[in-house]
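Below is one structure, written out as structure tokens; the observations come after it.
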Amino acid sequence: MTDWIIYGGGGHARVIADAIKLTGGNVIAYFDDNTSLSSINDVPVFSYSENIAPHAKLIVAIGNNLLRKDVARNIAHQFGTVIHPKATVADDVVIGEGSVVLAGSVIQSGAIIGKHAVVNANVTVDHDVVLDDFTSIYPNAYIGGGAKVGMGATIAACSAVARLIEIPAVFENDAVMELDLY
2 MTDWIIYGGG GHARVIADAI KLTGGNVIAY FDDNTSLSSI NDVPVFSYSE NIAPHAKLIV
62 AIGNNLLRKD VARNIAHQFG TVIHPKATVA DDVVIGEGSV VLAGSVIQSG AIIGKHAVVN
122 ANVTVDHDVV LDDFTSIYPN AYIGGGAKVG MGATIAACSA VARLIEIPAV FENDAVMELD
182 LY
């Protein structure tokens, strides 16, 4: 049984905790910057410290892509990857550290999911798609074959990205770029 720490204390964190438990993992703590949180579902909440359970794997459960990136770069713990047991992921899919694939999602052959990406519930990522680091694909979205979603981009719930389309990065390094996509 793997011990896990979740950085974040909101609804997204509770959803990820459920996925971890369903895979046989054990959530032993949460980290959150909100000092008024003391526990979530009887699991203690602390301010971040690299000295708390340094053996545990960590997932940053923050929905905002830029904030998730800012938090992740200051973490000393090893990042894990969470794949809900009711997700379907082809054998040759590459999924980066810190990424999450939630229930009902389907990721087809040849897809590459970057670091700290969020593939929410009931998302379909078709063959040969590239989701760059720190992307979020909201529930019930479809990403068409060969499409590329740039760093930090968010795809809205119930939307479709046509095959071979390239969605540009929203941020690179520390610069946030202005985009008018939708």
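Residues in the sequence shown are numbered consecutively from 2, following our numbering. Glycine included, each C-beta is placed from N, C-alpha and C at the ideal position. Quick caveat, the model's predicted, so the values are computed rather than measured.
C-alpha gap between residue i and residue j, whole angstroms
i: D4; j: Y139; result: 27 Å
i: G11; j: I166; result: 32 Å
i: S137; j: V126; result: 12 Å
i: V72; j: L103; result: 21 Å
i: S48; j: G64; result: 18 Å
i: I29; j: E98; result: 20 Å
i: Y143; j: C159; result: 8 Å
i: G105; j: S37; result: 33 Å
i: R69; j: F80; result: 13 Å
i: G115; j: V150; result: 10 Å
i: V119; j: D134; result: 9 Å
i: F172; j: L23; result: 33 Å
i: G147; j: V46; result: 41 Å
i: V130; j: G145; result: 7 Å
i: Y183; j: T89; result: In this prediction, Y183 scores a pLDDT of 39, lower than 50, which makes its location untrustworthy; the coordinate-derived value is nonetheless stated afterwards. Looking at the two C-alpha atoms, the distance is approximately 29 Å.
i: M152; j: I113; result: 13 Å
i: R164; j: H128; result: 9 Å
For residue i: DSSP bridge partner residues
i: V149; result: A small fix is needed here, since residue 149 is Lys in this sequence, not Val. Looking at the DSSP assignment, K149 forms a beta bridge with V131, E167.
i: V94; result: For V94, which the question treats as bridged, DSSP gives no partner whatsoever.
i: Q79; result: K58
i: I7; result: Y31, I60
i: Y139; result: Partner(s): none; Y139 has no beta bridge.
i: I84; result: V102
i: A244; result: Since the first residue shown for the chain is 2 and the last is 183, residue 244 is missing from the structure and cannot be characterised.
i: A18; result: The partner list for A18 (beta bridge, DSSP) is empty, contrary to what the question assumes.
i: A161; result: Y143
Which listed residue (the options) has its alpha carbon closest to that of residue i
i: H13; options: I53, N66, A161; result: N66
i: A161; options: G147, F172, N141, A170; result: N141
i: N121; options: G9, V16, Y8, I7; result: V16
i: D34; options: S50, D129, K22, A170; result: S50
i: Y31; options: G25, T89, P55, T24; result: P55
i: I76; options: A170, P45, A18, I7; result: I7
i: P86; options: G9, H117, A18, E173; result: A18
i: I84; options: R74, V130, H117; result: H117
### Query
Quick one: complete alpha helix (DSSP H) runs, 4+ long, within the stretch 20-74?
Secondary structure within the stretch 20-74: the alpha helix (DSSP H) runs of 4 or more consecutive residues, fully enclosed, are 66-73 (chain order).
#### Entry: At least three beta-carbon pairs within less than 8 Å, the stretch 105-113 to the stretch 75-95
These segments touch.
### Message
When you compare the stretch 59-77 with the stretch 38-46, are there three or more beta-carbon pairs, one atom per stretch, that lie closer than 8 Å?
### Response
The stretch 59-77 vs the stretch 38-46: no contact.
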